[in-house]
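J.: In case it helps, the numbering used here puts the sequence shown at residues 483 to 618. Note that CB positions come from ideal geometry on N, CA and C, so glycine has one too.
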Amino acid sequence: MVKEKERIEVEMRYVLEQVAEEVPGFLYTAVVDMEMANPVYELASPEMNVDGVKAACLCTDIVRSHMRSLDCLGGDEVLGRTTDIFIATDKYNIILRPLPDVMCCHVLFIKKNGSLGSARAALQKYSDTITRTLRG
Numbered sequence: 483m484v485k486e487k488e489r490i491e492v493e494m495r496y497v498l499e500q501v502a503e504e505v506p507g508f509l510y511t512a513v514v515d516m517e518m519a520n521p522v523y524e525l526a527s528p529e530m531n532v533d534g535v536k537a538a539c540l541c542t543d544i545v546r547s548h549m550r551s552l553d554c555l556g557g558d559e560v561l562g563r564t565t566d567i568f569i570a571t572d573k574y575n576i577i578l579r580p581l582p583d584v585m586c587c588h589v590l591f592i593k594k595n596g597s598l599g600s601a602r603a604a605l606q607k608y609s610d611t612i613t614r615t616l617r618g
């Protein structure tokens, strides 16, 4: 059991480090448990000047609200499955990627001038790996 937990931690650390390397303007990434509103794994750049843990936890509220709203409009059958939720401020771009198969959300903060295309590509690239790793 301990070795399995260590394996998962190593794999998740590797994935988050890859996201950080591949995304220009990277500031923070976390995989957040949607039920507990708590980051399971996270990685921050020294340039991140927002409390990433608090921000990641609050992002779960946004994802849950978004999903409830879409359900009112017909859900996945009508609108399709949500891939990303974007939040743009004058300092940051924040991307939230729901991972419903493991009741988690992948949160990514990048600088305003960072590449949204690269950020979305990295989230897409590693979504299945994160899901498989968390399932064990």
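So the candidates are Leu540, Thr564, Cys539; which of them puts its Cα closest to the Cα of serine 551?
T.: As a first step, residue 551 must be located in the sequence shown, where it is residue number 69. Comparing Cα positions, the closest option is Thr564.
J.: Alanine 526 bridges to which residues according to DSSP?
T.: Position 44 of the sequence shown holds residue 526. Residue pairing for alanine 526: DSSP places it in a beta bridge opposite Tyr510.
J.: Touching or not, the segment 578 to 596 and the segment 509 to 517, by the rule of three or more beta carbon pairs under 8 angstroms?
T.: yes
J.: Applying the criterion that 16 or more other CB atoms from any shown protein chain within 10 Å of the CB defines a buried residue, is threonine 571 buried or exposed?
T.: Position 89 of the sequence shown, counted from the start, is the residue given in the question as residue 571. That one is exposed.
J.: Starting from alanine 570, follow the beta strand (DSSP E) in both directions and report where the run begins and ends.
T.: Working through the sequence shown from its first residue, we reach residue 570 at position 88. Per DSSP, alanine 570 belongs to the beta strand (DSSP E) from 567 to 570.
J.: At what residues does the alpha helix (DSSP H) containing valine 560 begin and finish?
T.: If you number the sequence shown from 1, residue 560 lands on position 78. Unbroken alpha helix (DSSP H) run through valine 560: 557 to 561.
J.: Can you tell me the Cβ-Cβ gap for valine 497 and threonine 611, rounded? I've got them flagged as a contact below 8 angstroms.
T.: As a first step, residue 497 must be located in the sequence shown, where it is residue number 15. As a first step, residue 611 must be located in the sequence shown, where it is residue number 129. Confirmed, Cβ separation roughly 6 angstroms.
J.: Find the nearest neighbour of valine 522 within the set Pro580, Gly507, Val535, judged by alpha-carbon distance.
T.: If you number the sequence shown from 1, residue 522 lands on position 40. For valine 522, the nearest C-alpha among the options comes from Val535.
J.: According to DSSP, simplified to helix, strand and coil, what is tyrosine 533?
T.: Here residue 533 refers to the residue found at position 51 of the sequence shown. The sequence shown places aspartate at residue 533, rather than the tyrosine named in the question. Coil at aspartate 533, not helix or strand.
J.: Looking only at its chain, what residues have a beta carbon closer than 8 angstroms to the beta carbon of serine 597, apart from the 5 residues adjacent to it on each side?
T.: Your numbering for residue 597 matches position 115 in the sequence shown. Cβ within range, chain order: Val505, Pro506, Gly507.
J.: For valine 545, name the three-state secondary structure that DSSP assigns.
T.: By one-based count along the sequence shown, residue 545 stands at place 63. It is helical.
J.: Counting along the chain, where does the alpha helix (DSSP H) carrying lysine 594 start and finish?
T.: Within the sequence shown, the letter at position 112 stands for residue 594. Premise fails: lysine 594 is in no alpha helix (DSSP H) and is neither H nor E.
J.: Could you give the residue range of the beta strand (DSSP E) that holds proline 582?
T.: Translated into the one-based positions of the sequence shown, residue 582 becomes position 100. Element bounds for proline 582: n/a, residue is neither H nor E.
J.: Under the rule that 16 or more other beta-carbon atoms within 10 Å means buried, what is proline 580, buried or exposed?
T.: Along the sequence shown, read from residue 1 onward, the residue named residue 580 stands at position 98. Proline 580 comes out buried.
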